[in-house]
Amino acid sequence: MTYEGVKNYRAELEETLKRLSEHDGVQGLVVIDKEGRVSQTTFDQQYTKKILSNISGFTSQTRNVVRDLDPMNDLSFVRVRSNKTEILIAPEEDYILVVIQQPSQD
Amino acid sequence: MDHAPMTMAKSMAPGATQNLELTSEMDDVIKRIQVSKNVAGVMVINNEGIPLKTTLDNSTTVQYGGMVSQLAERAKSVIRDLDPTNELTFLRVKSMKHEVLIAPDEDFVLIVLQDAGAAE
Numbered sequence: 015m016t017y018e019g020v021k022n023y024r025a026e027l028e029e030t031l032k033r034l035s036e037h038d039g040v041q042g043l044v045v046i047d048k049e050g051r052v053s054q055t056t057f058d059q060q061y062t063k064k065i066l067s068n069i070s071g072f073t074s075q076t077r078n079v080v081r082d083l084d085p086m087n088d089l090s091f092v093r094v095r096s097n098k099t100e101i102l103i104a105p106e107e108d109y110i111l112v113v114i115q116q117p118s119q120d
Numbered sequence: 016m017d018h019a020p021m022t023m024a025k026s027m028a029p030g031a032t033q034n035l036e037l038t039s040e041m042d043d044v045i046k047r048i049q050v051s052k053n054v055a056g057v058m059v060i061n062n063e064g065i066p067l068k069t070t071l072d073n074s075t076t077v078q079y080g081g082m083v084s085q086l087a088e089r090a091k092s093v094i095r096d097l098d099p100t101n102e103l104t105f106l107r108v109k110s111m112k113h114e115v116l117i118a119p120d121e122d123f124v125l126i127v128l129q130d131a132g133a134a135e
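Residue numbers (my numbering), protein chains in the order written: chain A, 15 to 120; chain B, 16 to 135.
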């Protein structure tokens, strides 16, 4: 990718994340890179740290459970629902996208 | 999948967690979930990871039982750590091949295994 290409990619990414975070009911989002560091967040630092420490480990454990049960299978999505929130976890190859929103009406 | 099973379970006679009686009501609820086209199996696992009821074979149940109920415990503490006043109500783990729906309750966990492509 050229320097221009990277800049455009970055702008588009931030645009998409902004749009996502402004969606109805969304409280915020965090993007965790493959080194386990936060690359984007719309939450304050304290809460982001909590999310990072809890969700990274939980996602790994969940992925391990899936693979342990069937080595040919892999994790594609997780929804953790609670009284006050719903946490959506999209584990991708290079990052984990975490979105926290109000619990959706089922 | 609706949340009727948990309501059913909670309205069961209060009693010892040791000998949890699965009334015919709960059996009916499990049957109702099970006949859903995309559902491969339904399991009820107690807090020790021991299966109380299952529509799947023994080895699948034992495999899932332990790991999934541990995962549910982990999810519970994630939620509480982020907000001590909050509580886990439901967990959905989607993989390429299936989706596992996990409904935790005080004394046990209800686990439904369904096809990955199944509708909400």
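C-beta atoms are modelled at their ideal positions from N, C-alpha and C, and glycine is treated no differently. In this text, all values refer to a predicted model and were calculated from it rather than measured experimentally.
- Put simply, the backbone Cα of ARG95 of chain A is about 7 Å away from that of PRO117 of chain A.
- Taking C-beta separations shorter than 6 Å and ignoring five residues to either side along the sequence, the partners of LEU66 of chain A in its chain run VAL52, following chain order.
- In the DSSP annotation of this structure, the continuous segment of the alpha helix (DSSP H) that includes ALA90 of chain B starts and ends at 73-97.
- Here GLU63 of chain B is not bridged, per DSSP, to any residue.
- Taking C-alpha positions only, GLN75 of chain A is separated from TYR61 of chain A by approximately 21 Å.
- Where SER70 of chain A is concerned, the enclosing alpha helix (DSSP H) starts and stops at 59-83.
- By the beta-carbon neighbour count (other beta carbons within 10 angstroms, threshold 16), GLY80 of chain B is buried.
- For ILE69 of chain A, the closest Cβ of chain B is nearer than 8 Å.
- Here the alpha carbon of GLY64 of chain B sits roughly 39 Å from the alpha carbon of LEU31 of chain A.
- Non-local beta-carbon contacts of LEU34 of chain A in its own chain, meaning distances under 8 Å to residues more than five positions away in sequence, involve VAL40, LEU43, VAL113 in chain order.
- In this structure, the alpha-carbon of PRO85 of chain A lies about 37 Å from that of ALA25 of chain A.
- Following the DSSP letters along the chain, one finds SER90 of chain A inside the beta strand (DSSP E) bounded by residues 89-96.
- Leaving aside the five residues that flank HIS113 of chain B on each side, the residues in its chain whose CB is nearer than 8 Å to its CB run, in chain order, ALA55, LEU128, GLN129, ASP130, ALA131.
- Collapsing the DSSP output to three states places SER118 of chain A in coil.
- Under the three-state reduction of DSSP, GLU28 of chain A is assigned to helix.
- Think of a sphere of 8 Å around the beta carbon of PHE72 of chain A: the chain B residues whose beta carbon falls inside it are ARG89, ALA90, VAL93, in chain order.
- With contacts defined by Cβ atoms closer than 8 Å, VAL93 of chain B and VAL115 of chain B do not form a contacting pair.
- With distances taken between CA atoms, LYS64 of chain A lies nearest to B:LEU97 out of B:LEU97, B:ARG89, B:ALA87, B:ILE48.
- In this structure, PHE123 of chain B places its C-beta atom within 8 Å of the C-beta atom of ASN62 of chain B.
- Taken through DSSP and simplified to helix, strand or coil, MET41 of chain B comes out as helix.
- In the displayed model, ARG47 of chain B falls within a helix according to three-state DSSP.
- Exclusion of the five residues before and after ASN87 of chain A leaves VAL80 as the residues of its chain whose Cβ lies within less than 6 Å of its Cβ.
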